[in-house]
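Enquirer: I'd like to ask some things about the structure below.
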DNA sequence: TGCGATTAGATCGCGCACGATTAAATATAT
DNA sequence: ATATATTTAATCGTGCGCGATCTAATCGCA
């Protein structure tokens, strides 16, 4: 018995609001990132690697992507001189990914982007933070619904 | 002067929470839609066309996509027998898109999906509705920041 | 009437996202 | 010690998303 009702149009659906807002965000970012030759997922990787070297797998866990997406993305970033990819000598399976000096410099250059995006949201910072937390809570719930085994709330 | 501060990691960024939550939602939908041979954008189109025939352009405005994405998507749906694509005799530029009987039947069949997604969110309906409205407000702000001309709030 | 501008879709190229599969390195179990 | 299982990236095929461009139909206006 669900306390729900059938929704008739995409406009009423939470999934669609996420989908459309994500695309709108992408359209805001695109012209801001284009001068730096970055796509949005590349920008996220740049942020994530700013202060650490990670194996591809851990990087993927952080950004929510797997090798089938990250391998070509990282190769493009490597071709642009932004990242280094080298095997871990202790475990030749693992590919350690880190920023080059050029990558770190680019991250510094892109620091002004955040303020532009903040402005484009048209919402006060406190609301944005609350919204982010709520969306993260939703994401956590969705992920747990797919993978109930790794639920830290239920591991005694 | 912005009442903001520089954020160091993707995990703190609203854009990333949207990006990741949208992907998580997609991962919930995928196995639910796969038995029907639908992708998520196709499912949205199916919902949008349920009770109306629309020119491609208007359909695109409703779902946030343009002809370069919709044309191949609709051709795949047409190949599956779900939609009809015919030119408007009054204006041969416009392509009128509508569901076939098979398309309407498929929409009926997919009605059970919503309850599964609702459950996966793990949030009460009132919170989902509030979150959706907040995200839609954000999306409206982002879109207006890109296209300030069509702002109904400032047209006298 | 005619011709330039506008509008609507279609097409192309590139990059992301993911299911499925593969190959190689490492862990394990006997 | 060796066979088996697991883990890690890479690869492949398909579909979405979008900037840029093209063609055709329609509109506007002198």
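Protein chains in written order, with this note's numbering: chain A, 1 to 156; chain B, 1 to 156. For every residue, glycine included, the Cβ atom is placed at its ideal position computed from N, Cα and C.
Can you tell me which residues form a DSSP beta bridge with residue 54(A)?
Expert: 97(A)
Enquirer: Indicate whether at least one CB of chain B lies closer than 8 Å to the CB of residue 157(A).
Expert: No information on residue 157(A) is available, as it lies outside the stretch 1 to 156 that chain A covers here.
Enquirer: Could you name the residues of the region 63–87 of chain A whose beta carbon sits closer than 9 Å to any beta carbon of chain B, in the order they occur along the chain?
Expert: 63, 64 and 65
Enquirer: Establish whether the CB of residue 98(A) and some CB of chain B are separated by less than 8 Å.
Expert: no
Enquirer: Using beta carbons (cut-off 8 Å, strictly below), is residue 37(B) in contact with chain A?
Expert: Not an interface residue.
Enquirer: Whole angstroms is fine: what's the gap from residue 19(B)'s alpha carbon to residue 118(B)'s?
Expert: 19 Å
Enquirer: Quick one: residues in its chain with C-beta nearer than 7 Å to the C-beta of residue 128(B), no 5 flanking neighbours on either side, listed in chain order?
Expert: 121
Enquirer: For residue 163(B), which of helix, strand or coil comes out of DSSP?
Expert: It is not possible to answer for residue 163(B), since the shown part of chain B is limited to 1 through 156.
Enquirer: Find the residues of chain A that neighbour residue 61(B), judging by a C-beta separation of less than 7 Å, and give them in chain order.
Expert: By Cβ distance, chain A contributes nothing, its closest Cβ being about 11 Å from residue 61(B), past 7 Å.
Enquirer: Between which two residues does the beta strand (DSSP E) holding residue 84(B) run?
Expert: 83–88
Enquirer: Cβ closer than 7 Å: which chain B residues qualify as neighbours of residue 143(A)?
Expert: Under the 7 Å cutoff, chain B gives 24.
Enquirer: Within a Cβ cutoff of 7 Å, which residues of the same chain sit near residue 85(B), ignoring the five residues on either side of it in sequence?
Expert: If we look at residue 85(B) and ignore the five residues flanking it on each side, its Cβ neighbours are 74, 78, 95 and 97.
Enquirer: What residues from the region 118–146 of chain B come within 7 Å of chain A, judged by C-beta to C-beta, listed N to C?
Expert: Flagged, chain order: 118, 120, 121, 122, 123, 125, 128, 131, 132, 134, 135, 136, 138, 139, 141, 142, 143, 145 and 146.
Enquirer: Cβ of residue 58(B) less than 8 Å from any chain A Cβ?
Expert: no
Enquirer: Could you pull the start and end residues of the alpha helix (DSSP H) that residue 147(A) belongs to?
Expert: First-last for residue 147(A): undefined, no H or E at that position.
Enquirer: With a threshold of 16 other CB atoms inside 10 Å of the CB of residue 154(A), please say whether the residue is buried or exposed.
Expert: At residue 154(A), the pLDDT of 36 sits below 50, so the modelled position is not reliable and the matter cannot be decided from this model.
Enquirer: Look up residue 48(A) in the DSSP assignment and say whether it is helix, strand or coil.
Expert: helix
Enquirer: Using a cut-off of 8 Å between C-beta atoms, extract the partners of residue 107(B) located in chain A.
Expert: Simply none; closest approach about 10 Å.
Enquirer: When we look at the beta-carbon of residue 42(A) and count the other beta-carbons within 10 Å, is it buried (16 or more) or exposed?
Expert: buried
Enquirer: According to the Cβ coordinates, are residue 59(A) and residue 48(A) closer than 8 Å?
Expert: yes
Enquirer: So, is residue 10(A) buried or exposed, given that buried needs 16 or more other C-beta atoms within 10 angstroms?
Expert: buried
Enquirer: Excluding sequence positions up to five away, which residues of its chain have a Cβ less than 7 Å from the Cβ of residue 37(A)?
Expert: Around residue 37(A): 80.
Enquirer: Which residues in the same chain have their Cβ closer than 8 Å to the Cβ of residue 7(A), if we skip the five residues on either side of it in sequence?
Expert: 13
Enquirer: Beta-carbon of residue 94(B) versus every beta-carbon of chain A: anything under 8 Å?
Expert: It does not; no Cβ of chain A falls within 8 Å.
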